[in-house]
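Protein sequences, first through last, are from chains W and X.
The working numbering numbers the first residue of the first sequence as 1 and each following residue consecutively.
The working numbering numbers the first residue of the second sequence as 366 and each following residue consecutively.
The beta carbon of each residue, even a glycine, is placed where N, CA and C say it ideally should be.
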Amino acid sequence: MATLHKPLALIAEITHRCPLHCVYCSNPLEMIAAKKELATHDWVRIFQEARQLGVLHLHLTGGEPAARADLKELIQAAHVAGLYTNLITSGIGLNESRLAALVEAGLDHVQLSIQDATEDRANWIAGTKAHAHKIAFAGAVNKLRVAFTVNLVVHRQNLDHLEEMIAFAEQLGPNRLEIAHTQYYGWALKNRAQLMPTREQIEQCMSIVEAAQKRLAGKMRIDCVIPDYYARYPKACMGGWGRRLLLIDPAGQVLPCHAAGVIPDLKFDNVRDRSLEWIWNKSAAFNRFRGEEWMQEPCRSCERRTEDFGGCRCQAFLLTGDMTATDPACSLAPMHHLVTSQQIEKHDLREETTDVSWSYRATVE
Amino acid sequence: MPRPSDSSRPRFAAGCRWGSHGEDRVVLFPEGMIRVEATGLSILELVDGQRDVAHIISTLAERYPKADPTKIREDVLSFLEKLHDKRVVDF
Ligand code: SF4
Ligand code: SF4
Numbered sequence: 001m002a003t004l005h006k007p008l009a010l011i012a013e014i015t016h017r018c019p020l021h022c023v024y025c026s027n028p029l030e031m032i033a034a035k036k037e038l039a040t041h042d043w044v045r046i047f048q049e050a051r052q053l054g055v056l057h058l059h060l061t062g063g064e065p066a067a068r069a070d071l072k073e074l075i076q077a078a079h080v081a082g083l084y085t086n087l088i089t090s091g092i093g094l095n096e097s098r099l100a101a102l103v104e105a106g107l108d109h110v111q112l113s114i115q116d117a118t119e120d121r122a123n124w125i126a127g128t129k130a131h132a133h134k135i136a137f138a139g140a141v142n143k144l145r146v147a148f149t150v151n152l153v154v155h156r157q158n159l160d161h162l163e164e165m166i167a168f169a170e171q172l173g174p175n176r177l178e179i180a181h182t183q184y185y186g187w188a189l190k191n192r193a194q195l196m197p198t199r200e201q202i203e204q205c206m207s208i209v210e211a212a213q214k215r216l217a218g219k220m221r222i223d224c225v226i227p228d229y230y231a232r233y234p235k236a237c238m239g240g241w242g243r244r245l246l247l248i249d250p251a252g253q254v255l256p257c258h259a260a261g262v263i264p265d266l267k268f269d270n271v272r273d274r275s276l277e278w279i280w281n282k283s284a285a286f287n288r289f290r291g292e293e294w295m296q297e298p299c300r301s302c303e304r305r306t307e308d309f310g311g312c313r314c315q316a317f318l319l320t321g322d323m324t325a326t327d328p329a330c331s332l333a334p335m336h337h338l339v340t341s342q343q344i345e346k347h348d349l350r351e352e353t354t355d356v357s358w359s360y361r362a363t364v365e
Numbered sequence: 366m367p368r369p370s371d372s373s374r375p376r377f378a379a380g381c382r383w384g385s386h387g388e389d390r391v392v393l394f395p396e397g398m399i400r401v402e403a404t405g406l407s408i409l410e411l412v413d414g415q416r417d418v419a420h421i422i423s424t425l426a427e428r429y430p431k432a433d434p435t436k437i438r439e440d441v442l443s444f445l446e447k448l449h450d451k452r453v454v455d456f
């Protein structure tokens, strides 16, 4: 039996509703309707149970969390329960006074995602006119005493403007900048062919980030992780299955990660029926990939298995059809060709926006 | 890497605050938490945006009369510098 760790973070997808239509959205293709969402009192109970279980950080996300009218009550309840609250938002639906009320209620950290440096390009990726609003929102955040991260979501369609994007993000005044390569789940997987960066872009990205880190040292922290499609080894997805994190979807299902819903054999328990403690400790889904029993070769005898746990189970399933396979992102994986075949060395012809046809994330009511 | 001066008034950076993890006192910040123990804890408990560095050093020197004052000074300065680097403390 694997040692049971205590969760440190809870990702609360409080709604799937969102006014944006980002092509890289990691929400599932089948989103949850508003009428199925958990009620305020359910979340209040969850936050208390989560804290008792050991959770320190709460990440309120969605969809757009501000689409819920009770966001302030939720933040207050989380704060009272003793959780550190992070809000991951597009800023849409939050004007200065509503944001101030959230900070008053105990919000600790705001994370704003940015799609590109210029308005047209950014709105094209978001499928909505959101960019100008985000600039105004950043201004409102700066007036308050709250930690502020700007998140640049990068992929082939904007990596050529990374320097401009960083310069733009600086003007928004965050404490920290996160450069997040798109991960291929949900809508992003549907749009993978249009989003996959080239190897040339990844290499440039690394040197641009290094230069920016030097230039901005002491002023703004910059974090960037190499996308696993171009790395040698996979990431320790979510810090290992059922080891550090849990995610609750808008309808109350508890999952070990964002994408776990794609694995057909797994049955997820719901907070409406079970305590969070039971689900973490006892549920079949959380125990499915704990420890090493489930692993195949080469992971089973690989030295790195205690660091990356064989990579992402959802990616393994999505690409190979086998949920216990070595993550194909790993260079040692027998199915690594599934990833290398997607890699692009470089693109000589710069794509025009009109050349790209992709699926915008759908609307859910 | 800036060092605080005697007159700097260190305080927690925006988004950094105390929390507890089991028996341990921790500082929570957006990307995670750090455990603070022993010397670090006694320094950080004096960080409130009001006291300046000289005050923090003299308070600790009074509290630990047997410790070498130069060492206390060095501990305080390097600890605050380290936390500033992690963006936990501003001064
Ligand atoms: S559409 Fe964009 S803003 Fe909305 S949830 Fe998806 S990624 Fe976030
Ligand atoms: S073989 Fe498995 S354990 Fe080893 S590096 Fe690859 S994914 Fe990780």
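Residue of the options minimising C-alpha distance to residue i
i	options	result
Gly91 of chain W	W:Ala138, W:Thr340 and W:Gln253	W:Ala138
Val271 of chain W	W:Val44, W:Glu30 and W:Leu4	W:Val44
Ile202 of chain W	W:Trp280, W:Asn175, W:Asp160 and W:Leu172	W:Asp160
Gln157 of chain W	W:Pro197, W:Thr15, W:Ala12 and W:Pro264	W:Pro197
Leu87 of chain W	W:Asp108, W:Asn95, W:His79 and W:Glu104	W:Asp108
Ile344 of chain W	W:Glu200, W:Cys257 and W:Ala285	W:Glu200
Glu178 of chain W	W:Ala140, W:Glu163 and W:Asp223	W:Asp223
Ile46 of chain W	W:Pro264, W:Gln315 and W:Asp249	W:Asp249
Burial state of residue i, where buried means 16 or more other Cβ atoms lie within 10 Å
i	result
Cys18 of chain W	buried
Thr61 of chain W	buried
Met206 of chain W	exposed
Trp419 of chain W	As displayed, chain W neither begins before 1 nor continues past 365, which places residue 419 of chain W out of reach and without an answer.
Asp433 of chain X	exposed
Ser372 of chain X	exposed
Thr182 of chain W	buried
Gln76 of chain W	buried
Ala81 of chain W	buried
Closer than 7 angstroms: residue i CB and nearest ligand 2 heavy atom
i	result
Ala325 of chain W	no
Arg304 of chain W	yes
Tyr233 of chain W	yes
Ala333 of chain W	yes
Gly239 of chain W	no
Pro298 of chain W	yes
Asp371 of chain X	no
Asp228 of chain W	no
Gly368 of chain W	Residue 368 of chain W is absent from the structure shown; chain W starts at 1 and stops at 365.
C-alpha distance - residue i paired with residue j, whole-angstrom precision
i	j	result
His155 of chain W	Arg416 of chain X	47 angstroms
Gln48 of chain W	Glu30 of chain W	29 angstroms
Val364 of chain W	His59 of chain W	21 angstroms
Asp355 of chain W	Cys302 of chain W	43 angstroms
Ser283 of chain W	Met398 of chain X	28 angstroms
Ala34 of chain W	Arg68 of chain W	9 angstroms
Gly173 of chain W	Val391 of chain X	27 angstroms
Asp450 of chain X	Arg274 of chain W	43 angstroms
Glu37 of chain W	Glu73 of chain W	16 angstroms
Arg244 of chain W	Leu8 of chain W	5 angstroms
Arg376 of chain X	Asp269 of chain W	43 angstroms
Trp278 of chain W	Leu53 of chain W	10 angstroms
Ile437 of chain X	Ser385 of chain X	26 angstroms
Lys447 of chain X	Ser26 of chain W	36 angstroms
Arg368 of chain X	Ile408 of chain X	15 angstroms
Tyr229 of chain W	Tyr184 of chain W	10 angstroms
Val146 of chain W	Ser423 of chain X	31 angstroms
Phe317 of chain W	Lys214 of chain W	39 angstroms
Asp42 of chain W	Glu292 of chain W	34 angstroms
His258 of chain W	Arg300 of chain W	25 angstroms
Asn95 of chain W	Asn175 of chain W	21 angstroms
Val209 of chain W	Gln111 of chain W	19 angstroms
Gly311 of chain W	Leu10 of chain W	20 angstroms
Ala378 of chain X	Phe309 of chain W	35 angstroms
Near ligand 1: residue i beta-carbon under 7 angstroms from a heavy atom
i	result
Ser359 of chain W	no
Asn27 of chain W	yes
Asp20 of chain W	Checking the displayed sequence, the identity of residue 20 of chain W turns out to be Leu instead of Asp. Yes, the Cβ of Leu20 of chain W comes within 7 angstroms of a heavy atom of ligand 1.
Gly62 of chain W	yes
Ser275 of chain W	no
Spatial neighbours of residue i in its chain, beta-carbon cut-off 8 angstroms, leaving aside the 5 residues before and after
i	result
Val23 of chain W	Ile125, Gly127, Trp187, Ala188, Asn191, Gln194, Leu195, Trp358, Ser359, Tyr360 and Arg361
Trp294 of chain W	Arg288 and Thr324
Met165 of chain W	Ile114, Asp116, Ala117, Leu152, Val154 and Asn158
Neighbourhood of residue i by C-beta distance below 6 angstroms, restricted to the same chain and skipping five residues each side
i	result
Asp440 of chain X	Thr404
Ala101 of chain W	Lys72
Own chain, CB closer than 7 angstroms to residue i, minus 5 neighbours either side, in chain order
i	result
Thr320 of chain W	Pro328, Met335 and Leu338
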